[in-house]
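Report on the following structure.
Residue numbers (the numbering used here): 15 to 558.
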């Protein structure tokens with residue numbers, strides 16, 4: 015293309031600087047490979063995080079919002095979500111979603127890799143929990159995960175590298191109720207440092223984890239990975255919006271075309287390209303890269319690129335307590351988790367389960383929001399101040415993450431009208447919660463209500479499905495062994511294109527009922543390590 019600036023070619027090009035890209039870049043650099051990473055966002059500006067000020071809840075809703083349609087930053091692309099039950103929540107910056115995540119650090123359960131075998135639905139993963147366990151341990155050290163070894167819900171193994179945060183009154187109250195009920199609970203793992211750990215500083219319990227951690231205590235890869243990656247020779251290009259991948263006559267990817275903030279077009283050559291752009295950005299880019307040779311987009315001979323979108327239907331149960339639980343403060347990770355009802359019981363009328371995470375409720379403005387109080391929040395009216403006093407510090411949340419079984423009708427497509435600031439077609443989400451997920455969610459919401467009532471809650475609010483909770487965007491480039499029914503193999507290599515890899519959550523065959531960052535990071539490390547080990551046999555384009 016005339017006016018295009020062609021950049022020198024590295025061994026590996028990574029698209030996306032979130033946790034997937036950060037973990038992969040670290041492993042490649044350690045192996046001595048040259049790496050370029052393209053990120054459409056910039057470094058997070060923590061000077062805009064006002065956690066030390068009383069108005070932080072007011073100011074957090076824009077710059078730190080997880081909804082790109084509200085945030086509308088230069089790095090963001092709009093998302094058409096009118097045909098989706100759940101809005102996508104993501105962050106386009108160095109660090110990606112880890113900048114604004116609550117840092118709940120949950121490994122998948124062993125059963126999550128064997129859903130077809132155990133429950134006769136969905137698909138098995140082409141790997142097991144045991145295959146991934148050593149990679150979990152390695153990434154947990156990098157992310158500064160805190161927690162307690164010995165959770166009986168998981169196989170025996172090495173515990174998190176840091177001790178758990180002390181249980182706050184809220185956690186002790188609900189844990190005591192579970193002891194009486196005979197239900198599982200455990201001090202929950204979080205990617206939040208409880209003492210100094212590498213570049214991380216200890217958490218000061220501000221409960222502002224999702225609005226920019228000014229302490230540098232949260233395992234966000236703009237802190238834990240990218241500075242070190244750059245020191246080890248990785249070239250990170252920010253403000254680089256990739257608009258298509260290019261291929262040669264052999265059908266191999268030769269690199270990526272991107273636009274910088276000055277509207278200059280660049281072509282970044284690469285021997286190997288790794289997509290780490292999340293479950294929306296990755297299929298969007300593959301579909302944008304269609305050509306006469308690949309009229310349905312790249313890596314799409316199966317027709318599954320963009321399909322099987324999973325978003326984890328999410329509900330909350332909030333209890334009001336007479337005693338002060340101190341729930342305006344504390345880490346905004348999870349204090350305890352419950353996996354009592356995680357595995358399938360056919361008598362319930364649905365398959366699979368959900369994870370519960372106990373969280374604080376935050377400050378005054380948090381008492382007015384749909385998360386966690388639901389769309390019909392009853393706080394408004396003449397009793398506003400009375401309701402606020404009832405809730406503030408006296409409430410606790412059970413977050414319920416429901417496993418979402420993949421359906422091809424739930425998908426990411428290119429919007430025929432909507433475009434981003436560079437004129438590139440925007441993604442459109444088409445997603446409807448399944449009957450199985452609906453029944454699953456309702457069952458768990460009722461059990462969580464029983465939990466809080468047993469803990470002494472005198473009033474319980476259930477929010478059955480909160481729209482703006484699409485933090486976990488999974489499944490749109492399925493992993494599997496059969497090229498006819500999957501996009502990539504067990505190592506993230508595209509069946510159709512041997513020098514194109516996908517490492518992010520889009521490759522998940524099933525969603526589990528867990529927060530996905532732990533498994534995304536472990537999978538990225540596993541796939542990157544395999545690529546390093548097999549690099550002498552890697553096929554690369556001849557006419558780069």
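Where a beta carbon is used, it is the ideal one built from N, C-alpha and C, also for glycine.
Check                                                                                                               : Outcome
Whole-Å CB distance - residue 486 paired with residue 325, under 8 Å assumed                                        : 7 Å
Cβ-Cβ distance between residue 389 and residue 446 below 9 Å                                                        : no
Residue 182 to residue 294 span [Cα, whole Å]                                                                       : 37 Å
N-terminal and C-terminal residue of the alpha helix (DSSP H) that residue 178 is part of                           : That residue, residue 178, is in no alpha helix (DSSP H); it is neither H nor E in DSSP.
DSSP state of residue 369 mapped onto helix, strand, coil                                                           : strand
Cβ neighbours of residue 550 in the same chain (closer than 6 Å, five flanking residues each side left out)         : none
Buried versus exposed call for residue 41 [16 or more other C-beta atoms within 10 Å across all chains shown]       : buried
Inter-residue spacing [alpha-carbon to alpha-carbon] between residue 136 and residue 277                            : 44 Å
Alpha-carbon spacing of residue 506 relative to residue 471, whole angstroms                                        : 47 Å
When 163, 313, 459 and 426 are compared against residue 3, the one with the closest alpha-carbon                    : Beyond the ends of the chain as shown, which are 15 and 558, falls residue 3; an answer cannot be given.
Runs of beta strand (DSSP E) lying entirely within the stretch 290 to 364, each at least 3 residues, in chain order : 328 to 334 and 350 to 352
Stretch-stretch touch, CB-based, cutoff 8 Å, three pairs: the stretch 53 to 73 with the stretch 376 to 396          : yes
4 or more residues per run - each alpha helix (DSSP H) lying fully within the stretch 395 to 436                    : 398 to 405
Candidates 540, 254, 427 and 65, of which the one nearest residue 219 by Cα                                         : 65
DSSP-derived helix/strand/coil call for residue 211                                                                 : strand
Inter-residue spacing [alpha-carbon to alpha-carbon] between residue 31 and residue 361                             : 44 Å
Length of the line joining the Cα atoms of residue 227 and residue 63                                               : 7 Å
Unbroken alpha helix (DSSP H) run spanning residue 91, endpoints                                                    : No alpha helix (DSSP H) holds residue 91; DSSP gives it neither H nor E.
CA-to-CA distance, residue 529 to residue 172, given in whole angstroms                                             : 20 Å
Beta-carbon proximity list for residue 557, same chain, < 6 Å, skipping 5 on both sides                             : Any reading at residue 557 needs caution, since the residue's pLDDT is 42, under 50, leaving its predicted position unreliable; the model's value is listed next. Cβ neighbours of residue 557 beyond the five flanking positions: 262.
Given residue 337 as reference, the closest of 387, 317, 410 and 96 once Cα atoms are compared                      : 410
Of the residues 267, 474 and 232, the one placed nearest residue 460, counting alpha carbons only                   : 474
Coil, strand or helix - residue 69 by DSSP                                                                          : coil
Buried versus exposed, by CB contacts within 10 Å (16 or more), residue 162                                         : exposed
Same chain, Cβ closer than 6 Å to residue 483, neighbours up to 5 away in sequence not counted                      : 328
Validate contact between the stretch 111 to 128 and the stretch 90 to 100 using beta carbons, cut 8 Å, 3 pairs      : no
Proximity winner among 281, 158 and 489, relative to residue 235 (alpha-carbon distances)                           : 158
Candidates 75, 319, 33 and 53: closest to residue 423 by CA position                                                : 319
Same chain only: Cβ atoms within 6 Å of residue 519, ignoring 5 sequence neighbours per side                        : 293, 488, 530 and 534
Pairwise C-alpha distance: residue 222 and residue 335                                                              : 22 Å
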